[in-house]
Structure formats: C-alpha cells, structure tokens
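If you're matching positions, the first sequence starts at 19 in the numbering used here and goes up one per residue.
Structure record follows, encoded as structure tokens.
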Amino acid sequence: MVLLVQRGPRLNRLIAPSPSSRIMSGVRVRFAPSPTGYLHVGGARTALYNWLFARHVGGVFILRIEDTDMDRSKPELTTAILESLEWLGLTWDEGPVYQSQRLARYREMALNLERSGHAYPCFCTPEELQAKRAQAEAERRAWKYDGACRALSAAERERRRAEGRPSAIRFRVPDSGQTSFEDQVFGHIEVQHRDLEDFVLLRSDGHPTYHLGVVADDLDLRVTHVIRGADHISNTPKQILMYRALEAPVPAFAHLPLILGPDKQRLSKRHGATSVGAYREQGVLPEALVNFLVLLGWTPPGQKEIVPREEMIRDFELTAVSKSNAVFDLEKLAWMNSEYVRNLPAEQLRPLVERELTKAGLGARDSGFAPRQEERFKQTVLLLQSRARTLQDFSGAFRAFFTDEFTYDPEAEKKFWKDAALPALIDALAERLAATEPFDVAATEKTLRSLAEEKGVKAGLLINAARVALTGQAVAPGLFEVMLALGRDRVISRLHRAAAHLRAGGK
RNA sequence: GGCGCUAUCGUCUAGGGGUUAGGACGUCAGAUUCUCAAUCUGAAAACCCGGGUUCGAUUCCCGGUAGCGCUACCA
Numbered sequence: 019m020v021l022l023v024q025r026g027p028r029l030n031r032l033i034a035p036s037p038s039s040r041i042m043s044g045v046r047v048r049f050a051p052s053p054t055g056y057l058h059v060g061g062a063r064t065a066l067y068n069w070l071f072a073r074h075v076g077g078v079f080i081l082r083i084e085d086t087d088m089d090r091s092k093p094e095l096t097t098a099i100l101e102s103l104e105w106l107g108l109t110w111d112e113g114p115v116y117q118s119q120r121l122a123r124y125r126e127m128a129l130n131l132e133r134s135g136h137a138y139p140c141f142c143t144p145e146e147l148q149a150k151r152a153q154a155e156a157e158r159r160a161w162k163y164d165g166a167c168r169a170l171s172a173a174e175r176e177r178r179r180a181e182g183r184p185s186a187i188r189f190r191v192p193d194s195g196q197t198s199f200e201d202q203v204f205g206h207i208e209v210q211h212r213d214l215e216d217f218v219l220l221r222s223d224g225h226p227t228y229h230l231g232v233v234a235d236d237l238d239l240r241v242t243h244v245i246r247g248a249d250h251i252s253n254t255p256k257q258i259l260m261y262r263a264l265e266a267p268v269p270a271f272a273h274l275p276l277i278l279g280p281d282k283q284r285l286s287k288r289h290g291a292t293s294v295g296a297y298r299e300q301g302v303l304p305e306a307l308v309n310f311l312v313l314l315g316w317t318p319p320g321q322k323e324i325v326p327r328e329e330m331i332r333d334f335e336l337t338a339v340s341k342s343n344a345v346f347d348l349e350k351l352a353w354m355n356s357e358y359v360r361n362l363p364a365e366q367l368r369p370l371v372e373r374e375l376t377k378a379g380l381g382a383r384d385s386g387f388a389p390r391q392e393e394r395f396k397q398t399v400l401l402l403q404s405r406a407r408t409l410q411d412f413s414g415a416f417r418a419f420f421t422d423e424f425t426y427d428p429e430a431e432k433k434f435w436k437d438a439a440l441p442a443l444i445d446a447l448a449e450r451l452a453a454t455e456p457f458d459v460a461a462t463e464k465t466l467r468s469l470a471e472e473k474g475v476k477a478g479l480l481i482n483a484a485r486v487a488l489t490g491q492a493v494a495p496g497l498f499e500v501m502l503a504l505g506r507d508r509v510i511s512r513l514h515r516a517a518a519h520l521r522a523g524g525k
C-alpha cells in the first residue's frame with residue numbers, strides 16, 4: 019500500500035525542513051481540515067494544539083485534506099487553508115495527504131471488514147431510510163438503523179447484487195457491551211453499544227464516509243494521538259470499534275472544547291469574521307492570533323497572557339487543556355493584537371505597513387514620501403506604532419500621514435473646531451511656523467505657545483485645532499511630532515486649508 | 001426525543017475540603033497630558049440550583065437545571 023504523500027505547495031519550501039534531531043519521540047499527530055470552507059479559527063486552534071503537542075514532544079505534525087465530500091470540496095479552498103496555516107507559522111512535516119487520492123484504499127479496507135464479518139452490504143436506499151426515520155420521528159420513537167440488511171443470507175445478497183441494486187457497506191456494531199476510552203482532555207468516556215447504530219462505511223457510490231476515511235488514514239499514517247474538536251467525541255467509540263475489528267492499535271485521543279460566539283452558540287458566519295484569512299485582512303498579526311487562540315482552552319504556567327511561541331512549545335500539555343467551551347472574545351483579540359503591534363521590531367513592522375498602504379491604494383512613497391525620504395517614513399511608522407491596534411489603522415485612522423487626501427472626522431470637528439476665533443488663529447500659526455527655525459519639536463512648540471499667549475487663548479485650544487487640521491482626527495500622536503513627521507510645507511498648507519474650510523462654514 | 005460531555009466575575013481562566021477565591025480582557029473612577037493610546041493607582045464584578053459525605057464544601061458524590069455536541073450514504 020502506497021501513501022500518496024506530497025510536499026506542500028511552494029510556501030512550504032520557505033520553511034526549513036524539520037531537522038531529524040527534532041523528530042525523535044515517535045509521536046505522530048495530524049490536522050485534517052476539509053476544504054469546504056476557509057480555515058476557521060476553531061480549526062486553527064485545533065491545528066495549533068496539534069502542532070504545539072508535536073513540537074513539545076518532538077513528534078511529527080501531518081497535514082491531511084479531507085476532501086471526500088465531492089460536492090462541497092473546492093481545490094481553491096485547499097490552497098487558502100494551506101496559506102492560512104503557513105501564515106500562522108503552523109508548518110507541517112508530512113503531507114498534505116489528500117483523501118480523494120486514496121479512494122481505492124478505503125474500498126479495500128471496507129471490503130476487508132466485510133470479509134471478516136465486521137461489515138456487511140446494505141441495500142436500503144436513502145429514500146427508504148429517510149422514510150423510516152420520518153416515521154419513527156412522527157411516532158416520537160428514537161430512530162436507529164434497524165438492521166434490515168444485517169442478516170441477509172449470502173444467497174440473498176448475491177441475488178440483490180445480480181439485480182444491480184446499489185449497496186453501501188455498514189459496520190456491524192456489537193449488540194451488547196460497551197466501548198470506552200480515556201480521553202487525554204475529558205477523561206473516561208463510555209458508551210453502550212445499544213446506543214450505536216450500524217453506521218455506513220462506504221457509500222453506495224464507492225466513496226468513504228468520514229469514519230472510514232479517518233480510521234484508514236490515521237492507521238496508514240501511523241497517527242499516535244488524535245487531537246480534534248469535541249464534536250467528535252461521540253464518534254470516537256465507533257472508530258475504536260473499527261480499529262479493534264481491524265486488529266489495529268488504537269491511538270490516544272484528545273478532544274478540544276469548542277469555540278463559541280458571544281451568544282454561546284457555536285461560532286459561525288453570523289457572528290462575523292470566523293476565518294483566519296478575514297483576521298489577516300483586518301490587520302491582525304499572526305503571532306497575536308496564535309497567542310489569543312492558544313489561551314482559549316489552555317493556560318500557561320505563571321500568570322502570563324503574552325506567551326512567546328517557544329514558551330508555548332515548552333509548556334504545552336494536553337492534560338492541562340480546559341474541558342469547557344470558550345467564547346471568542348473580539349475585544350481581547352484586539353488588545354492582544356495591539357500588544358503585538360506595539361512590540362514588533364520597527365524593521366518588521368515597516369514592510370507590513372507598506373503592504374497595508376499599498377493594499378489601500380496609498381503607496382507609502384506617494385505624496386511626499388519619496389524614496390529619498392525613507393528616513394521620514396521610518397520615523398512616521400515609529401510615531402504611529404504605539405497607537406496602532408491593527409495594521410489597518412495605518413491606512414485608516416492614520417491615513418493623513420501617508421496622503422493629502424483625507425477628510426476631517428466630524429466628531430473631531432465638533433469637539434475641537436468650535437471656537438469662532440480659530441480661522442484667524444490657525445492662519446496666524448501657519449505664518450509663524452513658516453518662519454520658525456529650526457523646524458523641530460522644541461521650536462514649533464515654542465512658536466505655538468507664544469502665539470497662544472499673545473492672543474490670550476489656551477495653548478490646548480490651538481493644539482487640538484491644529485491636530486484636526488493636520489490629521490483630520492481628534493486622536494493622534496503629540497502635535498509637534500506630527501508636524502515634524504509631515505514636514506513644514508505640508509503643515510503650512512494643511513493649516514491654511516483648514517482655516518479656509520472653517521471660514522467656508524465647514525464645507 | 002435518545003446518548004454523551006460541560007458548568008468559577010460580562011468574557012478567557014487559576015485554584016482547590018478551611019483562601020480576603022488569584023490573574024487577564026472589558027467596564028468605571030482617579031493620576032498624567034495637547035487629544036488619544038500607552039503607563040500608574042483604585043473600584044465594581046464569579047464558585048448554576050438542591051440534596052448528601054464531612055467538624056467544614058465552591059472543591060468530593062448523587063439529582064436537577066442550563067449550555068453544547070452527536071444522533072446522515074456531511075466532515
């Protein structure tokens with residue numbers, strides 16, 4: 019049997035292959051998204067925990083794409099998922115393995131199970147089953163597959179096959195007894211066989227169901243620890259039954275609590291952004307998202323919230339994972355991101371800002387920030403860094419630092435442009451600034467303050483009004499640093515522009 | 001409906017038979033100041049309910065309730 023293991027796409031090559039010295043524990047885990055959507059933050063956390071566990075113990079992290087749902091799977095989505103994982107820095111050691119390329123193997127396994135008597139063909143049509151289910155529901159009876167095809171004689175099976183009736187293959191669940199396992203997170207889990215039905219392994223179209231696919235793949239990939247969402251807890255006993263029927267070793271299981279929306283419902287599109295890509299678009303840093311996600315269900319030792327990745331790897335333990343579901347708190351993510359933005363080394367932040375500006379149609383080099391003014395760009399980013407909560411702030415709230423095309427925030431106008439004397443004051447300030455030498459923080463501040471004193475107004479009035487004039491915002495860094503960042507010419511023209519705007523009645 | 005799992009501030013969580021039940025986000029107040037952010041100080045804010053075990057339960061056990069998950073020829 020040959021595994022269809024492929025190297026990841028181009029991005030994968032950017033990351034150095036894992037040194038073999040790191041892989042020594044024999045532990046093998048996998049993350050197995052299905053390309054029916056983008057990488058969900060819940061999936062990202064599952065991937066993260068798998069990755070952390072693997073790195074912590076020196077194991078292998080495998081990526082598998084569960085694309086057996088032909089109707090809903092899309093190849094572009096696979097690419098998007100891989101990109102999101104790479105962006106998060108969750109690099110895999112093997113794969114991606116595509117289930118769609120292993121169909122023959124699943125069929126073989128189903129047939130083996132049938133041969134050994136652990137599975138049997140079922141000729142019931144989906145319509146028949148649907149009808150029985152509806153009937154049971156109408157009578158308020160619990161429905162479970164009734165085993166109609168369970169005891170068909172060999173002759174009867176042959177007869178039906180000869181008639182060309184399509185059949186699925188079902189697993190034969192023992193009538194009595196129970197199956198239990200020790201979940202690494204949830205502890206002892208046990209279910210009675212009588213509560214399980216004979217589930218389908220292979221659909222009548224020859225495609226495997228999830229149960230067959232996972233077990234076959236986890237077996238062939240020699241996965242030692244299955245770490246996945248808690249929504250699979252109920253499926254686990256079925257899969258254990260399959261391992262036993264196959265006389266194969268049963269891996270360890272660890273289920274992770276689910277991530278919910280603010281209304282405590284499972285996180286979904288109606289809660290807003292749920293995909294990793296969406297947060298990336300919104301200017302969230304990968305390290306911030308990872309740090310935020312890791313805390314949803316796991317607490318590092320010590321009362322720290324900001325956890326460097328090396329420490330996550332060093333301290334991560336499956337057994338320390340929480341058992342209860344967690345609400346995805348956007349506020350905390352925002353805080354976490356601002357922490358990371360503020361503490362990012364300037365040389366790492368700059369290219370990200372450039373990309374953000376370009377994305378927003380504001381070339382960083384436009385409007386006076388010519389290449390030769392690289393130094394000024396550096397200083398501007400540095401000036402804004404402490405106030406940025408996301409990368410998007412640079413093209414949004416801080417727009418005026420990168421282009422002359424910006425508008426005055428109505429709230430800011432209302433707050434700081436009330437005084438009737440302002441137009442004259444602002445023009446006067448512009449004129450004084452034209453003659454200020456040198457044009458630095460100390461001198462410009464002195465100029466403004468002495469003007470204020472002369473005119474008998476509070477310096478704050480002029481400072482705040484000038485801030486709105488220069489940035490369009492009520493919120494910005496210290497005014498004199500802003501002046502320096504913008505440069506004398508731009509400061510003067512913006513002041514005059516604001517004064518004219520005010521005289522025109524705010525039009 | 002059946003089965004399974006879970007339950008500490010609004011949120012993420014620490015803790016654990018006797019604690020002032022700790023931290024973080026958010027909120028509120030104050031300091032600072034040219035706005036905001038940052039920073040500092042302070043405040044409000046939690047053990048789901050009922051039984052049991054125990055000298056003593058938020059912690060252990062049982063029941064209830066609530067939430068979530070599974071209950072497909074989805075994954």
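Built from N, CA and C at the ideal position, the CB exists for glycine as well.
Cβ neighbour criterion (16 or more within 10 Å) applied to residue i
i, result
"V8", "Only positions 19 to 525 of the chain appear in the structure, and residue 8 is not among them; the question remains open."
"E431", "buried"
"V486", "buried"
"M88", "exposed"
"D507", "exposed"
"H206", "exposed"
"G315", "buried"
"E328", "exposed"
"G301", "buried"
"N130", "exposed"
"G523", "exposed"
"R46", "buried"
"R133", "exposed"
"E527", "As shown, the chain starts at 19 and ends at 525. That puts residue 527 outside it, with no answer to give."
"A34", "Any answer about A34 is weak, because its pLDDT of 35 lies below 50 and its placement is not dependable; what the coordinates show is given next. When all chains shown are included, A34 counts as exposed."
"Q366", "exposed"
"P280", "exposed"
"V308", "buried"
Distance, residue j Cα to residue i Cα
i, j, result
"G224", "R405", "57 Å"
"A180", "R90", "33 Å"
"L362", "P255", "46 Å"
"F420", "A453", "25 Å"
"M19", "T337", "Note that M19 has pLDDT 33, beneath the 50 cutoff, so the model's placement of it is unreliable and the number below is only indicative. Whole-angstrom Cα-Cα distance: 35 Å."
"Y426", "L513", "13 Å"
"S340", "V203", "7 Å"
"A483", "T64", "50 Å"
"L348", "E299", "15 Å"
"A270", "R48", "12 Å"
"S468", "T462", "10 Å"
"K464", "A477", "10 Å"
"A122", "P226", "10 Å"
"W161", "H250", "20 Å"
"S102", "R284", "21 Å"
"I324", "V359", "13 Å"
"E374", "G414", "10 Å"
"L311", "T376", "29 Å"
"S39", "R73", "At S39 the pLDDT is 41, less than 50, meaning the model places this residue with poor confidence and gives no usable figure here."
"P495", "Q403", "10 Å"
"P275", "A438", "60 Å"
"D236", "Q321", "37 Å"
"R125", "S118", "12 Å"
Inter-residue CB distance, residue i and residue j (contact presumed, cutoff 8 Å)
i, j, result
"A186", "L220", "6 Å"
"G113", "R82", "6 Å"
"A378", "P441", "So it is not a contact: roughly 32 Å between Cβ atoms."
"R188", "D216", "4 Å"
"L488", "L502", "Rounded, the Cβ-Cβ distance is 11 Å, inconsistent with contact."
"G60", "I258", "Actually they are not in contact, since the Cβ atoms of G60 and I258 sit about 24 Å apart, beyond 8 Å."
Span of the alpha helix (DSSP H), counted from its first residue to its last, around residue i
i, result
"E335", "Premise fails: E335 is in no alpha helix (DSSP H) and is neither H nor E."
"R120", "Here R120 belongs to no alpha helix (DSSP H), and DSSP marks it neither H nor E."
"D238", "Y228 to D238"
"V359", "L348 to N361"
"H74", "V59 to V75"
"Q366", "A364 to K377"
"R175", "A172 to A180"
Terminal residues of the beta strand (DSSP E) in which residue i lies
i, result
"Y138", "A137 to C140"
"R521", "Premise fails: R521 lies in the alpha helix (DSSP H), R506 to R521, not in any beta strand (DSSP E)."
"I80", "V78 to I83"
**Message:** If we require 4 or more residues per run, which alpha helix (DSSP H) segments fall completely within the region 426–487?
**Reply:** 428–434, 440–452 and 459–473
**Request:** Run through the region 190–271 for me and flag every whole beta strand (DSSP E) of 3 or more residues, listed as ranges in chain order.
**Result:** 196–201, 205–210, 218–220 and 243–247
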